[in-house]
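Notes to accompany the following structure.
Below is the structure:
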């Protein structure tokens, strides 16, 4: 047993938003830089014993947008590290095409894909999913549409018949499944949840739980405690649903050990980020988790007391990707060596 309350080994992975900007100081000036550097960072992370390489997906912005070619390229360059998303905005996705892409990436990786999906977060485009051809039906919200897309996607990767066969070609009109299919992939789908209610819904659907550094509700308690409550409600709902397998749960954290003058120049003096922040997001009061920035022994002690980090089996570490591969690889090494063991992690064998 582990401190996460389940049977899964504690894991850590990096989460890259894949920002790219041709501005002074940026080591990631083009889209090609963002893509190629993410691959190189995943290779370096695997060598360090890190467990996962995850990417955030945004549209109409200078960030990573099309995850499956990138994840497939990472899979081809690595052999052990999990590859995943945190998260794909399902309002923008064609469920059947995505099912084919996900299955192909999972087969290339040898079953290492951990796919985070959700309704998504605010985008720079106003109702950008409509430009992709997806408009909610009458009486349906964009969140309803995202869940409907997810339901069809999950059925498709599980082998459901989703198209009628052409009798002239097949001699039958029996339903056809998408091809290829990848065994085990249906159990490696995660839903990005921002509330306790959606955490319960995620458990009822049989998906793993992915929680980030933002919850779109606030009860006045510290962020880690609110998130730990969300995780416990999720696990109780999972038990109530009668699922046989043990689910997985991830949380995201910003962790920056200050070990060099360069670290301190970039990230020192950010005291305002070392406390939870409460604000309005899309008209809803939201609580944002604090950043863990400081001397390694200090933030290791703080993280060892983080209730949600203790409750989760996977901690995703957001990285400042525009500082380049070398800087971020050193950042991950410092976390792996000086910080992560304090909350129960050890390098992958």
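Numbering (the UniProt record's numbering), first residue to last: 1 to 349.
C-beta: ideal position from N, C-alpha, C; glycine also.
Model, not experiment: these values are computed from the prediction.
With distances taken between CB atoms, is the gap from residue i to residue j smaller than 7 Å?
i, j, result
"residue 202", "residue 212", "no"
"residue 231", "residue 255", "no"
"residue 300", "residue 336", "no"
"residue 278", "residue 41", "no"
"residue 92", "residue 129", "yes"
"residue 190", "residue 133", "no"
"residue 13", "residue 49", "no"
"residue 183", "residue 161", "no"
"residue 287", "residue 233", "no"
"residue 54", "residue 316", "yes"
"residue 39", "residue 74", "yes"
"residue 306", "residue 173", "no"
"residue 143", "residue 164", "no"
"residue 237", "residue 200", "yes"
"residue 43", "residue 77", "yes"
"residue 37", "residue 84", "no"
Have a look at the options and flag the residue whose alpha-carbon is nearest the alpha-carbon of residue i.
i, options, result
"residue 276", "290, 149, 226, 31", "290"
"residue 107", "249, 116, 89, 179", "179"
"residue 79", "327, 216, 45, 89", "45"
"residue 332", "16, 7, 8", "16"
"residue 158", "145, 142, 177", "177"
"residue 312", "209, 69, 100, 26", "209"
"residue 150", "327, 90, 169", "90"
"residue 265", "293, 170, 318", "293"
"residue 63", "200, 169, 34", "34"
"residue 154", "105, 205, 22, 346", "205"
Quick check: the Cα distance between residue i and residue j, rounded to an integer number of angstroms?
i, j, result
"residue 30", "residue 329", "20 Å"
"residue 102", "residue 112", "11 Å"
"residue 321", "residue 18", "6 Å"
"residue 94", "residue 218", "33 Å"
"residue 145", "residue 252", "26 Å"
"residue 243", "residue 71", "29 Å"
"residue 66", "residue 57", "7 Å"
"residue 167", "residue 197", "45 Å"
"residue 295", "residue 334", "11 Å"
"residue 8", "residue 239", "16 Å"
"residue 20", "residue 109", "26 Å"
"residue 298", "residue 241", "40 Å"
"residue 323", "residue 126", "30 Å"
"residue 10", "residue 246", "14 Å"
Please classify residue i: does DSSP put it in a helix, a strand, or coil?
i, result
"residue 92", "helix"
"residue 425", "Nothing can be reported for residue 425, as the shown portion of the chain is limited to 1 through 349."
"residue 278", "strand"
"residue 83", "strand"
"residue 285", "strand"
"residue 39", "helix"
"residue 53", "strand"
"residue 16", "strand"
"residue 201", "helix"
"residue 2", "Legend: pLDDT at residue 2 = 40, less than 50; position of this residue unreliable, no value from coordinates given."
"residue 77", "helix"
"residue 188", "helix"
"residue 11", "strand"
"residue 29", "coil"
"residue 347", "coil"
"residue 72", "helix"
"residue 48", "coil"
"residue 67", "helix"
"residue 34", "helix"
"residue 62", "coil"
"residue 270", "coil"
_Going residue by residue through the segment 291 to 342, where are the continuous beta strand (DSSP E) segments of at least 3 residues, counting only ones entirely within it?_
The segment 291 to 342 contains these whole beta strand (DSSP E) runs: 292 to 294, 314 to 318.
*In chain order, each alpha helix (DSSP H) run of at least 4 residues that lies wholly inside the segment 207 to 259*: 223 to 241
*Could you tell me which uninterrupted alpha helix (DSSP H) segments, each at least 4 residues in length, are contained entirely in the segment 102 to 184, listed from first to last along the chain?*
128 to 131, 142 to 157, 167 to 170
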